[in-house]
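Below is one structure, written out as structure tokens; the observations come after it.
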Amino acid sequence: MAHEQDTPQAEAGTYDFATIQAKWLPVWEELEPFRAAKPGDTRPRKYILDMFPYPSGDLHMGHAEAFGFGDAAARYWRHQGFDVLHPIGWDSFGLPAENAAIKRGADPKAWTYANIEQQKRSFKQYAPSFDWTRELHTSDPEYYKWNQWLFLKLYEKGIAYRKDGQVNWCPVDQTVLANEQVVDGHCERCGAVVTKKALTQWYFRVTDYADRLLDDLNQLEGKWPNKVLTMQRNWIGRSSGADVDFAIEGREQPVTVFTTRPDTLYGATFMVVAPDSALAEELAAGASEEVRARFDEYLGSVRAESDIDRLSTDRPKTGVFLERYAVNPINGERLPIWAADYVLADYGHGAIMAVPAHDQRDLDFARAFELPVRVVVDTNAPVTGVIPVIPVDEHGVPLPMDDLPSLDPAGTGVALAGEGRLTNSGPLNGLSKTNAIRRAIEILEERGVGRAAKNYRLRDWLISRQRYWGTPIPIIHCEHCGEVAVPEADLPVRLPDAAGLDLSPKGASPLGAAEEWARVTCPQCGREARRDSDTMDTFVDSSWYYLRYLNPNDDARAFDPAEAEKWMPVDQYVGGVEHAILHLLYSRFVTKVLFDLGYLGFTEPFTSLLNQGMVIMDGTKMSKSKGNLVEFASELSAHGADALRVTMAFAGPPEDDIDWADVSPVGAAKFLARAWRISGEVTSSPDVEWKSGDRALRRITHRLLADAPGLAESFKFNVIVARLMELVNATRKAIDSGPGAGDAAVREAAEVTAMILDLFAPYTAEDMWERLGYEPTVANVAWRKADPALLVEESVTAIVQVDGKVRDRLEVSPKIGADELESLARASAAVTRSVGEREIVNVIVRAPKLVNIATRG
Numbered sequence: 001m002a003h004e005q006d007t008p009q010a011e012a013g014t015y016d017f018a019t020i021q022a023k024w025l026p027v028w029e030e031l032e033p034f035r036a037a038k039p040g041d042t043r044p045r046k047y048i049l050d051m052f053p054y055p056s057g058d059l060h061m062g063h064a065e066a067f068g069f070g071d072a073a074a075r076y077w078r079h080q081g082f083d084v085l086h087p088i089g090w091d092s093f094g095l096p097a098e099n100a101a102i103k104r105g106a107d108p109k110a111w112t113y114a115n116i117e118q119q120k121r122s123f124k125q126y127a128p129s130f131d132w133t134r135e136l137h138t139s140d141p142e143y144y145k146w147n148q149w150l151f152l153k154l155y156e157k158g159i160a161y162r163k164d165g166q167v168n169w170c171p172v173d174q175t176v177l178a179n180e181q182v183v184d185g186h187c188e189r190c191g192a193v194v195t196k197k198a199l200t201q202w203y204f205r206v207t208d209y210a211d212r213l214l215d216d217l218n219q220l221e222g223k224w225p226n227k228v229l230t231m232q233r234n235w236i237g238r239s240s241g242a243d244v245d246f247a248i249e250g251r252e253q254p255v256t257v258f259t260t261r262p263d264t265l266y267g268a269t270f271m272v273v274a275p276d277s278a279l280a281e282e283l284a285a286g287a288s289e290e291v292r293a294r295f296d297e298y299l300g301s302v303r304a305e306s307d308i309d310r311l312s313t314d315r316p317k318t319g320v321f322l323e324r325y326a327v328n329p330i331n332g333e334r335l336p337i338w339a340a341d342y343v344l345a346d347y348g349h350g351a352i353m354a355v356p357a358h359d360q361r362d363l364d365f366a367r368a369f370e371l372p373v374r375v376v377v378d379t380n381a382p383v384t385g386v387i388p389v390i391p392v393d394e395h396g397v398p399l400p401m402d403d404l405p406s407l408d409p410a411g412t413g414v415a416l417a418g419e420g421r422l423t424n425s426g427p428l429n430g431l432s433k434t435n436a437i438r439r440a441i442e443i444l445e446e447r448g449v450g451r452a453a454k455n456y457r458l459r460d461w462l463i464s465r466q467r468y469w470g471t472p473i474p475i476i477h478c479e480h481c482g483e484v485a486v487p488e489a490d491l492p493v494r495l496p497d498a499a500g501l502d503l504s505p506k507g508a509s510p511l512g513a514a515e516e517w518a519r520v521t522c523p524q525c526g527r528e529a530r531r532d533s534d535t536m537d538t539f540v541d542s543s544w545y546y547l548r549y550l551n552p553n554d555d556a557r558a559f560d561p562a563e564a565e566k567w568m569p570v571d572q573y574v575g576g577v578e579h580a581i582l583h584l585l586y587s588r589f590v591t592k593v594l595f596d597l598g599y600l601g602f603t604e605p606f607t608s609l610l611n612q613g614m615v616i617m618d619g620t621k622m623s624k625s626k627g628n629l630v631e632f633a634s635e636l637s638a639h640g641a642d643a644l645r646v647t648m649a650f651a652g653p654p655e656d657d658i659d660w661a662d663v664s665p666v667g668a669a670k671f672l673a674r675a676w677r678i679s680g681e682v683t684s685s686p687d688v689e690w691k692s693g694d695r696a697l698r699r700i701t702h703r704l705l706a707d708a709p710g711l712a713e714s715f716k717f718n719v720i721v722a723r724l725m726e727l728v729n730a731t732r733k734a735i736d737s738g739p740g741a742g743d744a745a746v747r748e749a750a751e752v753t754a755m756i757l758d759l760f761a762p763y764t765a766e767d768m769w770e771r772l773g774y775e776p777t778v779a780n781v782a783w784r785k786a787d788p789a790l791l792v793e794e795s796v797t798a799i800v801q802v803d804g805k806v807r808d809r810l811e812v813s814p815k816i817g818a819d820e821l822e823s824l825a826r827a828s829a830a831v832t833r834s835v836g837e838r839e840i841v842n843v844i845v846r847a848p849k850l851v852n853i854a855t856r857g
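Right, here's the structure in full:
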């Protein structure tokens, strides 16, 4: 960050960020200038929200970046005349706090709230414009009471349910994980390889909302990053096809298989079931003793694998024949049934029809176990809009039909996945893929053995956690009544005190051992019963917290629908792209559920989304082990909050990473000192007539006033900071070698600098505002309007060339015509000398910027 050298004449006091910070913090505490919805406030509303932090320690450089950008947006909209809601809270339940407390032998609650207090002190010093009266902590009973209320509402609607199943299991944290919390086969928290485990768990039916979650993304086009929209679409993963019912010999009920290619049913030569599915165990139970033993051994090895490993295409195919057969409903063929790990229990119905000629994984399996391969799509047959593949020899010459190599996948080992026309498929022969799919579905429906269907990659949200530090699930288990919801009047179900509980991960919730807490009376029959001992996934906490900010101290309801109508949806959401699936998907889901329940009048919670990049060091992510960690506290102490915030804003577009090795908080501090000194040198009074000031400086000031809104609303904060530097330099020049510190334009420029600087450097801006003769706070000053007359260019420079060489520069009106500009160019003394006795053969005029004269002779 380069700046002009300060001159001795520029000195007007000493800029001391520590003194300025200590001066203004208590003033803001007293005035509460950022409190939203004050009585009688009739301004239009804006809701600016930062993804709330997890209190795992003090704030870090990533917080400094994210909250700096969010605050710049909040401050901008206040200057534009809006009543801005910009709240803060803590996502304070969860595994990191519990694990850290166990490691330290501490109480998770004490450890968490100590971290919150530390982060709060750092936030206060960093000075985001939060409405501190709305502060919340998700681990407060006053908050998690409403998590439980939300659970009960979903339970009443049938969206919350409990079932047995194979779940993702983290062997380190000893708890289950939702699919979204498994990243490349590893726990997204601790990095451990995730395995499968059979458990009875609580789920939310997010799949009931799959179509809406997918289709409503269209509302967010152009408002959310394309990357995030793509990630959500891919995660939901809707595909169309058919559910096909296969009869199983010796089994009363058919097995339903989902396929996107019902047209290839004639090519199915075997069936594969997921070994960890209930169906596989059932089928294996009817096999010989030898096969049952092989299956049990195989199942044990599969459960130790991650889903990523199982779906890998470059690993050997393994499986066990279950000595059972399915019947192909379209042609009556018997298909051997195998259990193989490349099919997952939660895909479709946990079983697939294998068409090895046209699916590579099926082909690899068929070749490994010498199973039949039948081609049913002729990929060399011409299809409208598709160029057929014509084999050629080594010289590129098309081969005669008699010399065509065999394209049989059984021999080549390469599945035929291209377009073509159906063959070996009875009534489907000769049809293209689209028509064959349509006809195959018609045949299935006519025979009552299949139907059109959709399938989704998305799975229901598993919310149970076998850990202590979370929201207790408000269900009581009674031997006589079954599952019984805790009455709303009895909420919250409070966590018992951690003292005396063994919190170490051991596969079952520590709450089960809290006997006094767990033993209760059934609300329905009055008999002895037990509380559910699991806690909720902390993503439940963050799925609706933006609504609790609307009235965080209301004991009677989770949120006020009337306030939601006023403030929601959130106008601007700021946070990391790492939450593109988990948090954002769950928040969208809960919003839609609450809409259906009649509590909300909108279906998408966040209108606009900004994902900031990372703060890195020397090209890599910061970490203690790499020795490249930059600590927020030390940078804050060394340079002050304003210098850090300006550094972040100036570094580049918010979505780009910031390499701390390439930026200069020292340079930012020098710029702030330069701006601050100008405010102390202004000698004109606040009521001076602006129009009497230096016109050149006023033009720079008003161009910034006109351009900054568009830049701010497109998050080009770095450009605004650069333009502020230009304005400060121009003001310095006007003071030192222009009309002087008493000129009205100098005061105007200084006031505009303070107002816009408030977006990034609130302490410096506030102090400048006071030095300019005003009461606090500059944060609530209305945006100055640009004078249109000062935005019009008074003249432009026209370049005059003779035979391609610049010979003169003319200051002309931007509205000058081509004929007039040519006349001026011809009349130029410099042009006349250059042309001399030569003949002018051509003149090209591009008014108002260019005249090119060509000569000869």
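Numbering (full-length UniProt numbering), first residue to last: 1 to 857.
Just so you know, even glycine gets a beta-carbon here, dropped at the ideal spot from N, CA and C.
Compute the beta-carbon to beta-carbon distance between residue i and residue j, rounded to the nearest angstrom, for a pair I have assumed lies under 8 Å.
i: residue 847; j: residue 816; result: 6 Å
i: residue 523; j: residue 145; result: Not a contact, Cβ separation roughly 17 Å.
i: residue 855; j: residue 833; result: About 12 Å; that fails the 8 Å criterion.
i: residue 373; j: residue 259; result: That pair is no contact at about 17 Å.
With DSSP run on the structure shown, which of helix, strand or coil describes residue i?
i: residue 161; result: strand
i: residue 375; result: coil
i: residue 915; result: The first residue shown for the chain is 1 and the last is 857, placing residue 915 beyond what the model contains.
i: residue 715; result: coil
i: residue 574; result: strand
i: residue 433; result: helix
i: residue 301; result: helix
i: residue 566; result: helix
i: residue 15; result: coil
i: residue 684; result: coil
i: residue 849; result: coil
i: residue 589; result: helix
i: residue 206; result: helix
i: residue 194; result: coil
i: residue 338; result: strand
Report buried or exposed for residue i, applying the criterion of at least 16 other Cβ atoms within 10 angstroms of its Cβ.
i: residue 219; result: exposed
i: residue 806; result: exposed
i: residue 181; result: buried
i: residue 157; result: exposed
i: residue 312; result: exposed
i: residue 253; result: exposed
i: residue 434; result: exposed
Measure the Cβ-Cβ separation of residue i and residue j and say whether it is below 8 Å.
i: residue 452; j: residue 274; result: no
i: residue 206; j: residue 460; result: yes
i: residue 56; j: residue 633; result: no
i: residue 93; j: residue 470; result: yes
i: residue 172; j: residue 462; result: no
i: residue 436; j: residue 422; result: yes
i: residue 227; j: residue 570; result: no
i: residue 198; j: residue 164; result: yes
i: residue 808; j: residue 828; result: yes
i: residue 562; j: residue 150; result: no
i: residue 65; j: residue 612; result: yes
i: residue 513; j: residue 476; result: no
Is residue i close to chain B? Criterion is C-beta to C-beta, closer than 8 Å.
i: residue 552; result: In the structure shown, chain B cannot be found, because there is only a single protein chain.
**Asked** Considering only residues of the stretch 594 to 679, which uninterrupted beta strand (DSSP E) runs meet the minimum length of 3 residues and lie entirely inside it, listed in chain order?
**Response** Taking only runs of at least 3 residues, the beta strand (DSSP E) segments lying wholly in the stretch 594 to 679 are 606 to 612 and 615 to 617.
**Asked** Taking only runs of the beta strand (DSSP E) that begin and end inside the stretch 491 to 545, which ones reach a length of at least 3 residues, in chain order?
**Response** Fully enclosed beta strand (DSSP E) runs of 3 or longer: 519 to 521 and 528 to 531.
**Item:** Every unbroken alpha helix (DSSP H) inside the stretch 732 to 776 [4 residues or more]
**Value:** The stretch 732 to 776 contains these whole alpha helix (DSSP H) runs: 744 to 757 and 762 to 771.
**Request:** Please specify which runs of the beta strand (DSSP E), each continuous and at least 3 residues long, are wholly inside the UniProt domain "Methionyl/Leucyl tRNA synthetase" (51 to 192), giving them in chain order.
**Result:** Complete beta strand (DSSP E) runs here, min 3: 83 to 85, 160 to 170 and 175 to 177.
**Asked** Which ranges would you report for the alpha helix (DSSP H) in the stretch 220 to 277 if only whole runs of at least 4 residues count?
**Response** Taken in chain order, the complete alpha helix (DSSP H) segments of 4 or more residues contained in the stretch 220 to 277 are 226 to 236.
**Prompt:** What runs of the alpha helix (DSSP H), each 4 residues or longer, lie entirely inside the stretch 785 to 813?
**Reply:** Listed in chain order, there is nothing to give.
**Completely contained beta strand (DSSP E) runs for the stretch 456 to 484, where each covers 3 or more residues** = The stretch 456 to 484 contains these whole beta strand (DSSP E) runs: 475 to 478.
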